[in-house]
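K.L.:
Residue numbers (the working numbering): 29 to 300. Structure below; questions to follow.
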């Protein structure tokens with residue numbers, strides 16, 4: 029029995045040694061990058077995550093996006109560190125151990141950036157079978173976007189149920205998701221407009237009056253009818269959508285389009 033156990037341990041160690049070169053030790057400093065790596069089949073390569081990451085609660089914590097913990101990262105002996113471009117290049121360089129590669133990635137500007145993000149992660153993590161997966165992703169989001177059929181409807185995209193409201197423009201990923209589905213994004217700020225004292229527009233009522241949307245989309249897990257920051261008297265149809273699928277650059281945009289198709293797909297009078 030003892031010989032069998034020793035033999036089994038030897039086999040397991042040998043398998044681990046063979047797998048190691050093909051699986052880089054990855055530190056993920058942003059939750060959306062963890063999600064993307066898991067989708068690429070590289071979740072098991074992640075050895076450390078930021079303090080904000082809820083996907084891997086048992087993994088060591090390595091600080092935040094703005095303030096990565098250099099000592100914690102070095103202790104994990106990573107081959108690859110991935111973070112968003114909110115981490116300054118100087119900061120990232122200072123916490124990258126010798127011999128490790130470090131990437132600052134975006135993805136928040138458009139679906140094209142999301143495709144680039146996934147392709148970069150696939151290449152740098154040496155994800156097997158990624159080429160076909162990336163092709164399928166690109167084809168699928170375009171199919172789903174076409175099925176929504178925005179037909180030029182004017183849409184105002186806001187996160188408004190907690191804190192200070194803000195609205196998404198055409199050069200933000202959220203705006204691009206809707207534009208690719210055929211909607212007209214009425215926010216004129218390129219990426220994000222914050223509604224707060226001291227800004228040009230301080231409240232949602234004024235923003236709606238200026239932009240004249242057909243639909244106001246509130247990104248919240250709650251029903252838009254129960255969002256205290258949205259007046260039920262606004263002259264626009266109000267739709268509530270789950271924001272997580274829209275806010276994380278990566279494969280979650282497929283779920284975002286599924287939500288849109290269900291809540292904002294063509295009405296009977298719009299169908300041919």
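The beta carbon of each residue, even a glycine, is placed where N, CA and C say it ideally should be.
By Cβ distance below 7 angstroms, which residues in the same chain neighbour residue 213 in space, the five residues on each side in sequence not counted?
P.N.:
Counted from its first residue, the chain shown places residue 213 at position 185. Answer for residue 213: 183, 185, 197, 198, 203, 206 and 207, listed in chain order.
K.L.:
To the nearest angstrom, how far is it from the Cα of residue 290 to the Cα of residue 177?
P.N.:
Counting from one through the chain shown, the residue named residue 290 turns up at place 262. Counting from one through the chain shown, the residue named residue 177 turns up at place 149. Cα to Cα, residue 290 sits roughly 11 angstroms from residue 177.
K.L.:
Leaving out the 5 sequence neighbours to the left and right, which residues in its chain are closer than 7 angstroms to residue 55 when beta-carbon positions are compared?
P.N.:
By one-based count along the chain shown, residue 55 stands at place 27. Here the set comprises 75, 76, 90, 101, 104, 106 and 109.
K.L.:
By how many angstroms is the C-alpha of residue 132 removed from the C-alpha of residue 95?
P.N.:
By one-based count along the chain shown, residue 95 stands at place 67. By one-based count along the chain shown, residue 132 stands at place 104. Going from the Cα of residue 95 to the Cα of residue 132 covers about 14 angstroms.
K.L.:
Helix, strand or coil, according to DSSP, for residue 286 in the structure here?
P.N.:
Within the chain shown, the letter at position 258 stands for residue 286. Note: residue 286 maps to helix in three-state DSSP.
K.L.:
Under the three-state reduction of DSSP, which class applies to residue 266: helix, strand or coil?
P.N.:
As a working mapping, residue 266 is identified with position 238 in the chain shown. Here residue 266 sits in strand by DSSP.
K.L.:
Hey, could you find the ends of the beta strand (DSSP E) residue 194 is sitting in?
P.N.:
As a position in the chain shown, residue 194 is number 166, starting the count at 1. Run containing residue 194: 194 to 196, per the beta strand (DSSP E) assignment.
K.L.:
Quick check on residue 150: buried or exposed, where buried means 16 or more other Cβ atoms within 10 Å of its Cβ?
P.N.:
The residue given as residue 150 occupies position 122 in the chain shown. Residue 150 should be labelled buried.
K.L.:
What ranges does the alpha helix (DSSP H) occupy inside the stretch 157 to 184, keeping only unbroken runs of at least 4 residues that lie completely in it?
P.N.:
As far as the stretch 157 to 184 is concerned, its whole alpha helix (DSSP H) runs of at least 4 residues are 158 to 176.
K.L.:
Throw me the rounded Cβ distance for the residue 292 and residue 266 pair, which I believe falls under 8 angstroms.
P.N.:
For the purposes of this step, residue 292 is taken as the residue at position 264 of the chain shown. For the purposes of this step, residue 266 is taken as the residue at position 238 of the chain shown. Rounded, the Cβ-Cβ distance is 12 angstroms, inconsistent with contact.
K.L.:
Is it buried or exposed for residue 118, if we count other Cβ within 10 angstroms and need 16 for buried?
P.N.:
Along the chain shown, read from residue 1 onward, the residue named residue 118 stands at position 90. Exposed.
K.L.:
Would you mind stating whether residue 247 and residue 274 have Cβ atoms separated by less than 8 angstroms?
P.N.:
Position 219 of the chain shown, counted from the first residue, corresponds to residue 247. Position 246 of the chain shown, counted from the first residue, corresponds to residue 274. Yes; because the gap between Cβ atoms is below 8 angstroms, this pair is in contact.
K.L.:
Here's the rule: buried if 16 or more other CB atoms are within 10 angstroms of the residue's CB, otherwise exposed. What is residue 188?
P.N.:
Numbered from its first residue, the chain shown carries residue 188 at position 160. By the 10 Å Cβ count, residue 188 comes out buried.
K.L.:
Going by C-alpha distance, which of 294, 65, 57 and 238 is nearest residue 142?
P.N.:
For the purposes of this step, residue 142 is taken as residue 114 along the chain shown, with counting starting at 1. Checked all of 294, 65, 57 and 238; the closest Cα to residue 142 is 65.
K.L.:
Under the three-state reduction of DSSP, which class applies to residue 124: helix, strand or coil?
P.N.:
Your numbering for residue 124 matches position 96 in the chain shown. Three-state DSSP puts residue 124 in coil, outside helix and strand.
K.L.:
Does the beta-carbon of residue 254 have 16 or more other beta-carbons within 10 angstroms, so that it is buried, or is it exposed?
P.N.:
As a working note, residue 254 is residue 226 in the chain shown. Confidence is the limiting factor: at residue 254 the pLDDT is only 48, short of 50, which leaves the residue's position unreliable, though a coordinate-based value still follows. Exposed, because fewer than 16 other Cβ atoms sit within 10 Å of the Cβ of residue 254.
K.L.:
DSSP three-state call for residue 130: helix, strand or coil?
P.N.:
Counting from one through the chain shown, the residue named residue 130 turns up at place 102. Here residue 130 sits in strand by DSSP.
K.L.:
Please determine, among 81, 217 and 62, the residue with the shortest C-alpha to C-alpha distance to residue 73.
P.N.:
The residue you call residue 73 lines up with position 45 of the chain shown. When only C-alpha atoms are compared, the closest one is 62.
K.L.:
Please name the residue, chosen from 294, 219 and 85, that lies closest to residue 194 on a Cα-to-Cα basis.
P.N.:
Looking up residue 194 in the chain shown gives position 166. When each option's Cα is compared against that of residue 194, the closest is 219.
K.L.:
Straight-line CA distance for residue 148 to residue 135?
P.N.:
Here the question's residue 148 lines up with position 120 in the chain shown. Here the question's residue 135 lines up with position 107 in the chain shown. Roughly 11 angstroms separates the two Cα atoms.
K.L.:
Just to confirm before moving on: does the CB-CB distance between residue 146 and residue 280 stay below 8 angstroms?
P.N.:
Position 118 of the chain shown, counting from 1, holds the residue named residue 146. Position 252 of the chain shown, counting from 1, holds the residue named residue 280. Result no, Cβ atoms of residue 146 and residue 280 do not sit closer than 8 angstroms.
K.L.:
Can you tell me whether DSSP reads residue 311 as helix, strand or coil?
P.N.:
Residue 311 falls outside the range modelled here, since the chain spans only 29 to 300, and no answer is possible.
K.L.:
May I ask you to list the residues that DSSP assigns as paired with residue 108?
P.N.:
Here residue 108 refers to the residue found at position 80 when the chain shown is read from its first residue. DSSP output for residue 108 lists 54 and 129 as bridge partner(s).
K.L.:
For residue 224, which residues in the same chain have their Cβ closer than 6 angstroms to its Cβ, ignoring the five residues on either side in sequence?
P.N.:
Against the chain shown, residue 224 aligns to sequence position 196. 192, listed in sequence order.
K.L.:
Whole angstroms is fine: what's the gap from residue 294's alpha carbon to residue 152's?
P.N.:
Within the chain shown, the letter at position 266 stands for residue 294. Within the chain shown, the letter at position 124 stands for residue 152. Approximately 40 angstroms between the Cα atoms of the pair.
K.L.:
Spatial neighbours of residue 57 within its chain, please: C-beta separation below 8 angstroms, excluding the five flanking residues on both sides.
P.N.:
Walking along the chain shown from the start, residue 57 turns up at place 29. Closer than 8 angstroms at Cβ, skipping near neighbours: 77, 78, 90, 91, 92, 93, 96, 109, 110, 111, 112 and 115.
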